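Asks: Below is the structure I would like to discuss, written out as structure tokens.
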Amino acid sequence: MSQEKALLSALKRQLKLRDLTCADVANHLSLSEASVKRLFSDGNISVRRLESVCSLLSITLTDLVLIAQLE
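Heads up: the sequence shown at position 4 corresponds to -8 in my numbering, and the numbers run straight through without jumps.
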């Protein structure tokens, strides 16, 4: 699995563990829910947006990388 896919997979799992939806992420990023779903499915998400979603989860990007490595 590529590093990008591993990060997105870990991010999705963390969202699910916290009962956060794409709508919650969309609201946090000021995007439409469809745009968030597209970001996740395409795997085309900027580091800035990735960090923003991490802040919604109350974790750092470094934490997400470590979580992805453990999974």
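All C-beta atoms, glycine included, are put in the ideal place defined by N, C-alpha and C.
Predicted model only: the values in this text are computed from it and were never measured.
(1) Determine, using beta carbons only, whether Leu54 and Leu8 come nearer to each other than 8 Å.
(2) With a Cβ-Cβ cutoff of 8 Å, do Phe28 and Leu(-5) count as a contact?
(3) Among the candidates Asn32, Asp30, Ser46, Gln57, whose CA atom is the shortest distance from the CA of Leu3?
(4) Find the nearest neighbour of Asp12 within the set Cys42, Lys(-7), Gln57, judged by alpha-carbon distance.
(5) For Val35, count the other beta carbons within 10 Å of its own beta carbon; 16 or more makes it buried, fewer makes it exposed. Which is it?
Replies: Quick look at the numbers:
(1) Against the sequence shown, residue 54 aligns to sequence position 66. Against the sequence shown, residue 8 aligns to sequence position 20. With respect to the 8 Å criterion, Leu54 and Leu8 are not classified as neighbours on the basis of their beta carbons.
(2) If you number the sequence shown from 1, residue 28 lands on position 40. If you number the sequence shown from 1, residue -5 lands on position 7. Phe28 is not a Cβ neighbour of Leu(-5), given a cutoff of 8 Å.
(3) Here residue 3 corresponds to residue number 15 of the sequence shown, with the count starting at 1. The shortest Cα separation from Leu3 among Asn32, Asp30, Ser46, Gln57 belongs to Ser46.
(4) Counted from its first residue, the sequence shown places residue 12 at position 24. It is Cys42 whose Cα lies nearest to the Cα of Asp12.
(5) For the purposes of this step, residue 35 is taken as residue 47 along the sequence shown, with counting starting at 1. Val35 counts as exposed, since fewer than 16 other C-beta atoms from the protein chains shown sit within 10 angstroms of its C-beta.
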